[in-house]
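Following: one structure in structure tokens, then a few remarks.
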Amino acid sequence: MHLTHLACTACAKEHDAAVPQNVCTACGKPLFAHYDLVAAAKTLTKESLRSREKSLWRYREVLPVKNAADVVTLGEGWTPLLPAPRLGAQHGLSRLFFKDEAQNPTASFKARGMTAAVSMAKQYGLKKLAAPSAGNAAGALAAYAARAGMEAHLFMPRDTPKANIIECEQMGAFVTLINGLITDCGAEVAKRKVAEGWFDVSTLKEPYRAEGKKTLGYELAEQLNWTLPDVILYPTGGGTGLVGMWKAFDEMERMGWIDSKRPRMFSVQAEGCQPIVRAFHAGEKFAAEHLGAHTRASGLRVPKAIGDFIMLDALRKSGGGALAVSDDQMISGTKEVGSAEGIFVAPEGAGCYAALKMLLAANQVQPDETVVLFNTSTGLKYLECYGG
Ligand SMILES: *Cc1c(COP(=O)(O)O)cnc(C)c1O
Ligand SMILES: [Zn+2]
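Using my numbering, the first residue of the sequence shown is number 9, and each one after it goes up by one.
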């Protein structure tokens, strides 16, 4: 509501938020939304939030959409922060939580980004949206585009989990399967979008998906009574949620809601696709493409991310890190979580649990710390991984 402008995350060049934008016109890096936070904080208060709707639109003052009539919603966000006492006790942790993002529309946290991006597309009067996707982003875009009466043109790797492909088709999207990775799908969108009149809503090549995903940070703070966890483990592909949360923490501090203490943020990737992990440990500012990427955790199959430098910077400033887990660890971790806590996590969510065990073994997490694992989707969308 109090959006003022967009600015480049690399060169700071300002861009007009009154018209659709993709990346920085000067340097090609992602744009971030900026708000009048003084104005926002007048009506968005901790008290006012108590009576607001149980969706991410409860934070509307710090979301980009101007008029409520343009909000395209399926009831996304405000997912539970589930305590995991039994699993925690197994590992000597007294405050372990899952942020259960499976409880979003389309059963993944991609709904957060797409509600914001499609609402802004509606505000701009756009009709045809396109995106490459490893699976869940496509499902979410298909749903929100249908909800808004727009076309969704989706490009996915041929070996994307079946559930994602079927859900897109049933939401009336135009689906193209590509023999390749998400990067190849992105190249196809880039090649065709001008001629086809599509607006590209690729991760961080569109400024508002990150705004939807930043609400993860607001929700964590609100659900923990305006404190932040000590440790966050985030299964990382394009990194929108990671950089979004980091941005949210900054906004909340500037509105006087939290202090400058930040969680240690850990990026969790798959052994077969770990560009951020490699770059983190090599001390690089940018992450080289992970060649020959492979993992069954499709959300993590992102060999090259345009927001790599923003992620790496946040991980380092937070005092966190980056670690890779194997597909076997993810698959077996699913049953450990499920049998202890009754949550059928996606492989990506199980990856965070596997990574937590590695951090505990390395003495990087202490028993009394508040630890949040992100379960970003549901195992039900990945039955192939579990013998289905
Ligand atoms: C997309 C996705 C991720 C990665 O999210 P980013 O914000 O792009 O890093 C993780 N898990 C699942 C299930 C996903 O669909
Ligand atoms: Zn720039």
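Just so it is clear, CB atoms sit at the ideal spot from N, CA and C, and this is done for glycine as well.
Which residue marks the beginning of the alpha helix (DSSP H) containing residue i, and which one marks its end?
i    : result
K221 : R217 to Q231
R286 : P283 to A290
C193 : I190 to E204
Y43  : Note, Y43: premise wrong, no alpha helix (DSSP H); beta strand (DSSP E) at L39 to Y43.
L95  : P93 to Q98
M253 : T248 to R262
A322 : D316 to S326
Heavy atom of ligand 4 less than 7 Å from the Cβ of residue i, yes or no?
i   : result
K21 : With respect to ligand 4, the structure shown offers nothing to examine, as its ligands consist of ligand 1 and ligand 2.
Ordered along the chain, which non-local residues of its own chain (more than five positions away) have a Cβ less than 7 Å from that of residue i?
i    : result
A151 : L82, P113, T114 and M179
L101 : P375 and V379
A301 : L189, G280, C281, R309 and P311
G246 : T211, L212, V310, A313 and G315
K201 : A138 and D208
What does a CB cutoff of less than 6 Å around residue i pick up in its chain, not counting 5 residues either side in sequence?
i    : result
E159 : K136
L134 : F207
I240 : P271, M273 and V380
R68  : M9
G252 : A218, K221 and K222
Y216 : P72, A124, A125 and M128
S334 : E279
Taking residue i as part of the beta strand (DSSP E), name the residues at either end of that continuous run.
i    : result
V239 : V239 to P243
F452 : The displayed coordinates of the chain run from 9 to 396. Any statement about residue 452 would go beyond what the structure contains.
H13  : L11 to C16
Please confirm whether any heavy atom of ligand 2 lies closer than 7 Å to the CB of residue i.
i    : result
A148 : no
C193 : no
K213 : no
W34  : One detail in the question is off: residue 34 reads as Ala in this sequence, not Trp. Yes.
K37  : yes
C16  : yes
Using a threshold of 7 Å, is the CB atom of residue i nearer than that to any non-hydrogen atom of ligand 1?
i    : result
E356 : yes
K221 : yes
P140 : no
T114 : no
A145 : yes
L331 : no
K255 : no
K107 : no
S385 : yes
K62  : no
G246 : yes
P91  : no
G328 : no
G225 : no
K199 : no
Excluding the 5 residues flanking residue i on each side, which residues of the same chain have their C-beta closer than 8 Å to its C-beta?
i    : result
Q111 : T87 and P88
V27  : Y132
D24  : H13 and L14
Entirely within the segment 328 to 383 and at least 3 residues each: give me those beta strand (DSSP E) ranges in chain order.
Within the segment 328 to 383, the complete beta strand (DSSP E) runs of at least 3 residues are 329 to 333 and 378 to 383.
Could you name each continuous alpha helix (DSSP H) segment of 4 residues or more that falls completely within the segment 104 to 185, going from the start of the chain to the end?
Counting only runs of 4 or more, we get 118 to 132, 144 to 156 and 170 to 178.
Could you give the uninterrupted runs of the beta strand (DSSP E) lying entirely in the segment 51 to 95, keeping only those of 3 residues or more?
With a minimum length of 3 residues, the unbroken runs of beta strand (DSSP E) contained wholly in the segment 51 to 95 fall at 89 to 91.
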